[in-house]
Each structure stands twice: as structure tokens, then as C-alpha cells.
Amino acid sequence: MEQNQEKGLNQYAMEYGLYFGLILIIKFVLTSFSQTSSILNMLSMALVVAVPIVVYFLVKSYRDKTGTVIFGKLWFFGIALYFYSALISGIFEYLYYQYINPEYLYTMQESISTLAKELLSANNTQSLEDLDALIGENGIMSSIQIVYNGILGMLMLGSIYSLILALLLRRSQEK
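If you count the sequence shown from 1, position 151 lands on 1021 in our numbering, and the numbers rise without skipping.
Written out as C-alpha cells, the structure reads:
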């Protein structure tokens, strides 16, 4: 017995969020290893540029498949798309930070600290002391804190970008 049910907004967001989450995982892996290879670095930068383009086509595909031109639905779809993709990539990032390469966060903190110390001149010793105190007080964030912050950041940026996309795609359908 065949049921012909149309997918709802949430089902499309989960499906497209899976695809987008896989792209974010690839971007994360390329970014993580971009220090070792200039080719990986270029691919990583290409994916950074491609992310907004991919999201545009995913939201446009949702609009075309469902016929939705209502601003609120397009905006909410974009937010849900970012939410599901951030969860998928966040799970992978957590596993990477926690189990695959537990030294990664420490190594990144050391690299950032070294770079900051090199950028601060000898004349600015107070800033250097402040930096050392800040690192000493706060230490390194845990992997779950970094993933949580990443998910929140994705939701904030995704909400803003989805707002713009909803306005653009709504207008293009009405013309």
C-alpha cells in the first residue's frame, strides 16, 4: 500500500541539513589538515566560499519543490537547515576533538598563543602580560564547549543569512 504524503518543512530541513552537514564535515576535515598542505588549504577556502552558495540552492530547491513563497516559512526553513547541519557537523567535531585527535585543541591554543606573542611588540609588555593572565585564568575550552559555541555561531549566522535569502527568494518568485 503506497502512501503519498508530502514532506513538511521539518522533513526537508532534516534531509537537506544532512547534505549540508556532510559538506561542513568535509570543510572541517580540510581546515584541520590545511596547515600541512597548500592544496588542502585552497580546497578549504573554496568550501568556505561555497557554503553560502550551497545554502542558497538548498533554500531555492525547497521553495521550488513546495511552492512556498511565504517569507516566514523560507526563513524558518533556513534556520532549521543550519540547525540540523550544525548538529551533524558538531557531533563529528566532538568525536574528533575528544577521541580522534585529543591534542588538537591544545595544539591550536599553543599556535594562537605563539602567534599573539609574536604580534605583540616588546614595547607592549602590558598586553603580553594580560594575554598570559587570560590564558592562565581561562585555560582551554573543552571540546563540548567548542562544539556548543560552534552550533550557536552557526545558528546566529544561519539566521541572518536565511533572513536575507528569504527576502531574495520571496521576491524572485513574485516577479
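Even glycine gets a Cβ: it sits at the ideal position worked out from N, Cα and C.
{"Asked": "Sufficient close CB pairs (3 or more, under 8 angstroms) joining the region 1012 to 1019 to the region 936 to 951", "Found": "no"}
{"Asked": "Alpha-carbon to alpha-carbon, F927 and D934", "Found": "10 angstroms"}
{"Asked": "Neighbour-count burial assignment, Y969, 16 or more Cβ in a 10 Å radius", "Found": "exposed"}
{"Asked": "Pair within 8 angstroms by beta-carbon distance, L951 and V924", "Found": "no"}
{"Asked": "Run of the alpha helix (DSSP H) containing K897, from where it starts to where it stops", "Found": "879 to 902"}
{"Asked": "The region 978 to 986 / the region 912 to 922 touching (three or more Cβ pairs under 8 angstroms)", "Found": "no"}
{"Asked": "First and last residue of the uninterrupted alpha helix (DSSP H) at V918", "Found": "908 to 936"}
{"Asked": "Residues near S907 by beta carbon distance below 7 angstroms, same chain, minus five either side", "Found": "none"}
{"Asked": "Classification of G878 by the beta-carbon crowding that lies within 10 angstroms, buried from 16 upward", "Found": "exposed"}
{"Asked": "Contact belief for S955 with L1025 at Cβ below 8 angstroms, rounded distance in angstroms", "Found": "No, S955 and L1025 are not in contact; Cβ-Cβ is about 10 angstroms, not under 8 angstroms."}
{"Asked": "Cα-Cα separation, L1035 to V929", "Found": "8 angstroms"}
{"Asked": "Y967 and Y976 closer than 8 angstroms at C-beta", "Found": "no"}
{"Asked": "For E872, the three-state DSSP class (helix, strand or coil)", "Found": "In this prediction, E872 has a pLDDT of 46, which is less than 50 and means its spatial position is unreliable; nothing more can be read from the coordinates."}
{"Asked": "Cα-Cα separation between G887 and F962, rounded to whole angstroms", "Found": "14 angstroms"}
{"Asked": "Short Cβ contact (8 angstroms threshold) for S1032 with G960", "Found": "no"}
{"Asked": "Beta carbon proximity, L1038 to chain E, threshold 8 angstroms", "Found": "Given the protein chain composition of this structure (a single chain), no chain E is represented."}
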